[in-house]
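Asks: If you count the sequence shown from 1, you need to add 42 to reach the working numbering.
Built from N, CA and C at the ideal position, the CB exists for glycine as well.
What follows is a single structure, and I will ask about it in a moment.
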Amino acid sequence: MTAAAPATAFDFTLEAIEGGPLALSAYRGRPLLVVNTASFCGYTPQYAGLQKLHEQYGPKGLLVLGVPSQDFNQESAETKKIKEFCDANFGVTFPMTTLAHVQGSRASPFYAFLAAQAGGQPPRWNFHKYLVARDGRRVTSFSTQTGPQSPALVQAIEAALAAGPAA
43 MTAAAPATAF
53 DFTLEAIEGG
63 PLALSAYRGR
73 PLLVVNTASF
83 CGYTPQYAGL
93 QKLHEQYGPK
103 GLLVLGVPSQ
113 DFNQESAETK
123 KIKEFCDANF
133 GVTFPMTTLA
143 HVQGSRASPF
153 YAFLAAQAGG
163 QPPRWNFHKY
173 LVARDGRRVT
183 SFSTQTGPQS
193 PALVQAIEAA
203 LAAGPAA
């Protein structure tokens with residue numbers, strides 16, 4: 043007997059960077075901005091913009107979720123060092139997970155789900171963004187080059203928030 047495939051992003055439980063489970067079901071009905079992060083990448087300064095989005099839109103319902111990944115060889119292998127780096131350099135207060143694979147055959151089930159829901163678009167580099175609608179099914183993909191404060195991303199976040207709670 044096999045378990046049913048998750049129907050929404052909220053059906054996944056990840057491992058929090060501090061340890062312990064991070065059940066996305068706790069955020070059901072909220073838009074999610076999921077970003078694969080890396081500490082030693084040219085795009086690492088995007089952490090500051092992600093924190094700004096968290097501060098600006100978190101109170102309105104957006105959940106920013108950082109998912110560190112070593113898939114592009116620009117992340118520490120130690121979760122503790124990743125957390126310390128994010129805290130010290132960017133004051134990150136949005137939730138983050140432990141290291142995860144985000145592409146290819148080794149992609150975590152969560153990232154495989156996101157890529158499939160976004161039309162088969164896996165991350166091609168660090169700081170790829172997935173905006174998950176309140177229903178947990180509709181996923182829009184934004185490339186690494188789309189910064190956290192880009193008009194296209196901000197407009198999409200505002201539209202997802204304006205859509206109201208999931209039915």
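(1) In the DSSP output, which residue or residues are listed as bridge partners for residue 172?
(2) At which residues does the alpha helix (DSSP H) containing residue 151 begin and terminate?
(3) From residue 69 to residue 105, what does the alpha carbon distance come to, in whole angstroms?
(4) Is there at least one Cβ from chain D nearer than 7 Å to residue 206's Cβ?
(5) Tell me the rounded alpha-carbon separation between residue 93 and residue 171.
(6) How many Å lie between residue 163 and residue 155 at the Cα?
(7) Ignoring anything shorter than 3 residues, give me the beta strand (DSSP E) runs that lie fully in the region 63-140, in order along the chain.
(8) So, are the CB atoms of residue 165 and residue 78 less than 7 Å apart?
(9) So if DSSP puts residue 58 in a beta bridge, which residue, or which two residues, is it bridged to?
(10) Relative to the C-alpha of residue 129, which candidate in 201, 199, 206 and 60 has its C-alpha closest?
(11) Which residue's Cα is closest to the Cα of residue 146: 112, 75 and 86?
(12) Examine the Cβ distances between the region 82-97 and the region 187-199 and report whether three or more of them are shorter than 8 Å.
(13) Once you ignore the five residues that flank residue 161 on each side, which residues in its own chain have a CB closer than 8 Å to its CB?
Replies: Working from what's here:
(1) Bridge partners of residue 172: 76 and 183.
(2) Where residue 151 is concerned, the enclosing alpha helix (DSSP H) stretches over 151-159.
(3) If you take the alpha carbons of residue 69 and residue 105, they lie about 8 Å apart.
(4) Judged by its chain identifiers, the structure shown contains no chain D, having just a single protein chain.
(5) Residue 93 and residue 171: Cα-Cα distance of roughly 14 Å.
(6) Going from the Cα of residue 163 to the Cα of residue 155 covers about 10 Å.
(7) You should have 63-65, 74-79 and 105-110.
(8) A distance below 7 Å separates the beta carbons of residue 165 and residue 78.
(9) DSSP lists 139 as the beta-bridge partner residues of residue 58.
(10) Here the closest residue by C-alpha is 60.
(11) With distances taken between Cα atoms, residue 146 lies closest to 112.
(12) Contact between the region 82-97 and the region 187-199 is present: three or more C-beta pairs spanning the two stretches fall below 8 Å.
(13) The answer, listed in chain order, is 183.
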